[in-house]
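Step one of this worksheet: look at the structure below.
Protein chains: 2
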Amino acid sequence: MDIQTPEELNARFEQLSVLETEFEEVELEIFRKAEELQAPLYKKRADFVANIPHFWTLVFEQAPPEIDNFIQPSDAKVFAECFETFEVSRFELDDPKGSPRSFALKFGFKENEYFEDKVLEKKFWYRKSKDWAGLVSEPVKIQWKKGKDLTGGLTDAACKLSEERKKLSGSTSSSEARKKETKSKPYKELAHKIETTTDASVSFFGLFAFVSGYRWVSAEESEQVFKEEKEQLEKIKRGEKIEEDESDDEEDPIDYQEVEVFPGGDELATIIAEDMWPNAIRYYKGTFDEEEDDEELSELDVMDEDSDAENQNEDDSGREVDIRALVGKGRKSTQPPPAKKQRKA
Amino acid sequence: MDIQTPEELNARFEQLSVLETEFEEVELEIFRKAEELQAPLYKKRADFVANIPHFWTLVFEQAPPEIDNFIQPSDAKVFAECFETFEVSRFELDDPKGSPRSFALKFGFKENEYFEDKVLEKKFWYRKSKDWAGLVSEPVKIQWKKGKDLTGGLTDAACKLSEERKKLSGSTSSSEARKKETKSKPYKELAHKIETTTDASVSFFGLFAFVSGYRWVSAEESEQVFKEEKEQLEKIKRGEKIEEDESDDEEDPIDYQEVEVFPGGDELATIIAEDMWPNAIRYYKGTFDEEEDDEELSELDVMDEDSDAENQNEDDSGREVDIRALVGKGRKSTQPPPAKKQRKA
């Protein structure tokens with residue numbers, strides 16, 4: 001019959017954990033293999049789309065609502081005016097201490113009125129703490145031009161806290177450093193700024209301030225956890241008894257989400273990397289679906305791309321605009337209306 | 001500047017289609033590679049979990065709401081009482097005319113009061129028509145015992161229509177056959193049965209009657225479409241002009257969803273195959289998360305697994321039950337309450 005002793009049940013769980021790790025290892029191998037096979041195609045695609053105007057702007061706009069909903073009208077205007085190149089890279093693919101799950105989003109812009117940067121790169125590291133695993137990131141400083149900060153100072157404030165965190169991390173134990181961090185001026189300022197931000201919806205550029213859906217986890221802490229897990233698994237495989245984790249790490253009472261500028265930034269970035277990036281051509285073609293329904297690509301498109309150039313010159317009044325209006329494409333037909341923003345009809 | 005002639009725009013689209021096909025080919029190769037790497041682990045897992053009571057029942061119950069929501073209380077009872085083995089296979093992996101996207105779900109049951117079958121296998125073929133691509137399936141006959149049909153005759157009626165479809169397909173053109181099909185008695189009977197079914201929620205076993213989210217597409221039709229697409233791509237690659245598709249296939253006016261027993265069956269099956277199947281151990285372990293929170297696995301579980309055996313003997317009254325109640329596990333804590341069914345608290 002089914003009856004088992006607690007010891008037997010625990011042993012079963014340990015064996016299942018070993019199996020799970022084997023699955024995880026194979027999954028990472030598949031990740032690496034996929035990257036290897038796709039790399040030449042991504043290169044080929046980048047070369048080809050470099051000649052297509054507004055390619056990435058249209059891809060982001062046609063992407064599923066999970067992405068599109070985060071692009072506010074004022075973001076759409078920036079994207080339409082100066083967003084040029086985009087790339088996802090798995091920068092820890094060959095790093096034995098890194099993970100194929102880590103990735104970077106690299107946005108390229110031309111000269112514009114909003115910020116000085118030509119490239120904004122946001123890195124996401126796959127890391128583990130004792131009771132969590134996921135993506136963490138460091139805030140990216142955006143060199144906003146005067147009066148043009150779409151995040152209302154949130155990216156700057158997040159960068160200041162990040163610097164404070166780095167200063168503290170050298171001097172003391174990590175839980176001690178975290179306590180000090182929450183008492184620091186940059187922490188209080190960022191928490192206050194987030195609390196009092198009146199805009200219902202944060203700019204897409206707030207993503208560059210994202211840190212974690214849990215809390216910041218350093219490379220050292222994560223490495224240590226990976227190492228301990230590996231040792232435990234080796235013990236299980238050798239049939240040795242596992243001692244319970246008796247460390248006095250009580251649960252962290254601080255809710256670090258009060259200083260998270262962009263909650264859900266890890267999920268958004270993952271959808272961009274795992275869905276939008278590989279399927280970019282399909283999303284781009286989606287822009288033209290409506291026109292194709294009534295007639296083939298025609299002078300209409302040519303005129304539209306023309307009027308787009310005019311729009312770019314004239315429309316700097318700061319009013320809310322739609323990327324598709326700016327680049328002259330029809331509205332998409334198959335997606336539900338985005339909940340978070342207003343658009344011209 | 002951005003301005004292009006319609007000819008240039010069309011040429012761009014053709015080139016993008018070629019690139020998309022190259023991405024698709026690489027994706028299929030990754031599929032094959034993944035299957036090859038995972039196959040030994042799936043075998044190992046199957047051997048190991050064969051000794052774990054209710055493993056697959058608990059996995060299905062712990063699976064994400066997209067799956068769990070389709071399991072009605074009466075289905076849960078069947079699952080708890082007699083569901084023993086489960087397997088996903090990519091049965092066209094090495095078939096040059098098939099697709100690595102095709103898969104089969106194979107459910108193994110022990111002797112039970114509901115149906116005669118020991119195995120119910122549901123195959124999903126990845127196929128294309130001129131304006132659609134996706135999974136289609138044939139209804140699977142379930143040998144329900146007298147008065148025990150959880151689908152109220154829907155699987156039987158779907159099988160009858162499927163037989164009619166096969167009879168018609170031999171004699172005439174496919175669009176002609178489809179017209180005849182809609183005028184046939186089995187078609188009208190199934191449509192009527194679906195329309196008048198009063199139950200708000202169809203049994204999970206209705207999945208075995210699923211045909212398509214679009215319409216039935218035969219292997220021959222699909223092969224022809226794949227062949228034509230390939231020829232077109234070869235022409236584009238050689239720089240030849242593509243003639244527009246001038247075939248007089250007007251849009252099919254019939255809505256075949258009126259005879260679809262289980263709308264969304266393709267999506268449900270895909271989540272089972274691509275999420276639940278690879279992550280089954282994690283879902284199984286999720287069952288125990290609550291207990292682990294208060295105390296380690298203990299005699300409580302032993303008792304529960306014991307009382308489960310009693311439940312199986314006593315509880316044949318047909319009242320609504322919860323798998324977790326039947327197998328003696330706590331409720332899950334992290335998921336939103338399922339919208340579609342009532343459960344014991």
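Here the protein sequences line up with chains A and B, keeping their order. With full-length UniProt numbering, the residue at position 64 of the first sequence is 64, and numbering never jumps. With full-length UniProt numbering, the residue at position 23 of the second sequence is 23, and numbering never jumps. Here a beta-carbon is modelled for each residue, glycine too, at the ideal position from N, C-alpha and C.
Checklist entry - Do the segment 157-165 of chain B and the segment 124-140 of chain B touch if we need at least three Cβ pairs shorter than 8 Å? => result Judged by Cβ distances under 8 Å, the segment 157-165 of chain B makes contact with the segment 124-140 of chain B, as three or more pairs qualify.
Checklist entry - In the segment 164-215 of chain B, which residue ranges form an unbroken alpha helix (DSSP H) of at least 4 residues, counting only runs that do not cross its ends? => result Those alpha helix (DSSP H) runs which fall completely within the segment 164-215 of chain B and span 4+ residues are 174-183 and 185-196.
Checklist entry - Which residues in chain A sit within 7 Å of Lys-44 (chain B), going by Cβ to Cβ distance? => result In chain order: Leu-19.
Checklist entry - With which residues is Gly-98 (chain A) paired in a DSSP beta bridge? => result Per DSSP, none; premise fails for Gly-98 (chain A).
Item to check | Proximal residues of chain B, C-beta to C-beta of Pro-253 (chain A) below 7 Å | outcome: Within chain B, no residue comes near Pro-253 (chain A); the closest Cβ sits about 17 Å away, beyond 7 Å.
Checklist entry - Can you tell me whether DSSP reads Thr-85 (chain B) as helix, strand or coil? => result Note: Thr-85 (chain B) maps to strand in three-state DSSP.
Item to check | Closer than 7 Å at the beta carbon, the chain B residues around Arg-12 (chain A) | outcome: Here the neighbours are Ile-52.
Next on the checklist: Contact criterion: CB-CB distance below 9 Å. Does Val-26 (chain B) meet it with respect to chain A?
Outcome noted: Cβ-Cβ to chain A under 9 Å: yes for Val-26 (chain B).
Next on the checklist: Counting only Cβ-Cβ distances shorter than 8 Å, please list the residues of the segment 218-232 of chain B near chain A, keeping chain order.
Outcome noted: So the list is empty, because no residue satisfies the distance condition.
Next on the checklist: Residues in the same chain with beta-carbon distance under 8 Å from Tyr-114 (chain B), minus the five sequence neighbours each way, listed in chain order, please.
Outcome noted: Excluding positions up to five away in sequence, the list reads Val-78, Cys-82, Trp-144, Lys-145, Lys-148 and Leu-150.
Checklist entry - Closest Cβ-Cβ distance between Lys-241 (chain A) and chain B: below 9 Å? => result Not one chain B Cβ lies under 9 Å of Lys-241 (chain A).
Checklist entry - Using the beta-carbon count (16 or more within 10 Å), is Lys-43 (chain B) buried or exposed? => result With fewer than 16 other Cβ atoms within 10 Å, it is exposed.
Item to check | Phe-48 (chain A): contacting residues in chain B (beta-carbon distance under 9 Å) | outcome: Against Phe-48 (chain A), the close residues of chain B are Arg-12, Gln-15, Leu-16 and Leu-19, in the order they occur along the chain (beta-carbon pairs closer than 9 Å).
Next on the checklist: To the nearest angstrom, how far is the alpha carbon of Glu-305 (chain A) from that of Gln-257 (chain A)?
Outcome noted: Residue placement at Glu-305 (chain A) is poorly supported in this model, since its pLDDT is 41, which falls under 50; the coordinates still yield a value, given next. Taking the Cα positions, Glu-305 (chain A) is about 43 Å away from Gln-257 (chain A).
Item to check | beta strand (DSSP E) segment containing Ser-17 (chain B), residue limits | outcome: Looking at the DSSP string, Ser-17 (chain B) is not in any beta strand (DSSP E); the run it does join, the alpha helix (DSSP H), is 6-49.
Checklist entry - When we look at the beta-carbon of His-192 (chain B) and count the other beta-carbons within 10 Å, is it buried (16 or more) or exposed? => result Exposed, by the Cβ-count rule.
Next on the checklist: Pull the bridge partners of Val-261 (chain B) from the DSSP assignment, please.
Outcome noted: The partner list for Val-261 (chain B) (beta bridge, DSSP) is empty, contrary to what the question assumes.
Checklist entry - What are the boundary residues of the beta strand (DSSP E) that Leu-135 (chain B) is part of? => result Going by DSSP, Leu-135 (chain B) is part of the beta strand (DSSP E) stretching over 132-137.
Checklist entry - Which one or two residues does DSSP pair with Arg-127 (chain B) in a beta bridge? => result By DSSP's assignment, Arg-127 (chain B) forms a beta bridge with B:Gly-134.
Checklist entry - Should Lys-285 (chain A) be flagged as near chain B, meaning a C-beta pair shorter than 9 Å? => result With its beta carbon less than 9 Å from one in chain B, Lys-285 (chain A) belongs to the interface.
Checklist entry - For Lys-146 (chain A), which three-state DSSP category applies? => result Annotated three-state conformation of Lys-146 (chain A) is coil, per DSSP.
Next on the checklist: Could you give the first and the last residue of the continuous alpha helix (DSSP H) run that contains Phe-91 (chain A)?
Outcome noted: Looking at the DSSP string, Phe-91 (chain A) is not in any alpha helix (DSSP H), and its letter there is neither H nor E.
Item to check | Ala-104 (chain B) (DSSP reduced to helix, strand or coil) | outcome: If DSSP states are grouped into helix, strand and coil, Ala-104 (chain B) belongs with the strands.
Checklist entry - What did DSSP end up calling Val-119 (chain B) once you bin it into helix, strand or coil? => result Three-state result, Val-119 (chain B): strand.
Checklist entry - Roughly how many angstroms lie between the CA atoms of Phe-208 (chain A) and Glu-163 (chain A), to the nearest whole one? => result Cα-Cα distance, rounded: 15 Å.
Checklist entry - For the candidate residues B:Ser-174, B:Gly-213 and B:Gly-152, whose alpha-carbon lies nearest to that of Thr-198 (chain B)? => result The shortest C-alpha separation from Thr-198 (chain B) is found at B:Gly-152.
Checklist entry - For a contact meaning CB atoms closer than 9 Å, what does Ala-38 (chain A) contact in chain B? => result The residue you asked about is not Ala; residue 38 (chain A) is Gln in the sequence shown. Residues of chain B passing the Cβ test: Phe-23, Val-26, Glu-27 and Ile-30.
Next on the checklist: Counting only beta-carbon separations shorter than 9 Å, does Phe-288 (chain B) have a partner in chain A?
Outcome noted: Chain A, which has a Cβ nearer than 9 Å to the Cβ of Phe-288 (chain B), makes this yes.
Checklist entry - In its own chain, which residues sit with a C-beta less than 8 Å from the C-beta of Ile-242 (chain A), not counting the 5 before and 5 after it? => result Glu-14, Gln-232, Lys-235 and Ile-236.
Next on the checklist: Quick check on the DSSP output: the alpha helix (DSSP H) that includes Lys-237 (chain B) runs from which residue to which?
Outcome noted: DSSP places Lys-237 (chain B) inside the alpha helix (DSSP H), whose first and last residues are 219-237.
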